[in-house]
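Structure record follows, encoded as structure tokens.
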Amino acid sequence: LERAGVQGIVNSSYTDSEESPRRWKEKVGLLCINTSREYEDVKKVFLDWERHLSPNARVVVHGSDQPGPSQVIKEYLGNLGDFTFEQRVGTSMVIRVDKCVHYWVIDSNEIGTCKHCGRKRMKGGDN
């Protein structure tokens, strides 16, 4: 952190305590989720920390090639999800907070396309 010159702005905190998100006061710009690969564990970390994410936050989910993390990512990127895909690096996926305030234009097949960003929303909740 010192070499990168970010020691004053980066809080490198590792914890698996359920107490940490409840006591956390600041916004988080980068959240790395590297927990078990079980759906319930990944989802819990996401739910616990989501309210602390800054408007431009990125979330790195390790093990995105596994069923648990993959399902959580799919839910957050889905029709009503508040995140968009940014990039995949190995078995990790980076998603970011979706900044668009969507204005959906629905076609005759009930497929919606956001007028502003082009994001598609499918009938039945699948993307």
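Going by the working numbering, the sequence shown opens with residue 13, and the numbers climb by one from there. The beta carbon of each residue, even a glycine, is placed where N, CA and C say it ideally should be.
Flag this pair as yes or no: are the beta carbons of PRO141 and GLY90 separated by less than 7 angstroms? Residue 141 lies beyond the residue range present for the chain, which begins at 13 and ends at 139; the question has no answer from this structure.
Taking just the CA atoms, how far does GLU31 sit from GLU87? Position 75 of the sequence shown, counting from 1, holds the residue named residue 87. Position 19 of the sequence shown, counting from 1, holds the residue named residue 31. Their Cα atoms are separated by approximately 25 angstroms.
Straight-line CA distance for PHE97 to ILE85? Walking along the sequence shown from the start, residue 97 turns up at place 85. Walking along the sequence shown from the start, residue 85 turns up at place 73. Straight-line Cα distance between these residues: approximately 9 angstroms.
VAL40, buried or exposed, once every other Cβ within 10 Å from all chains shown has been counted against 16: Counting from one through the sequence shown, the residue named residue 40 turns up at place 28. With 16 or more Cβ atoms within 10 Å of its Cβ, VAL40 is classed as buried.
Going by DSSP, what residue range makes up the beta strand (DSSP E) through GLU98? Here residue 98 refers to the residue found at position 86 of the sequence shown. Looking at the DSSP string, the run of the beta strand (DSSP E) that includes GLU98 is 95–101.
Bridge partner(s) assigned by DSSP for VAL84: By one-based count along the sequence shown, residue 84 stands at place 72. Answer by DSSP bridge pairing: none, since VAL84 is not bridged.
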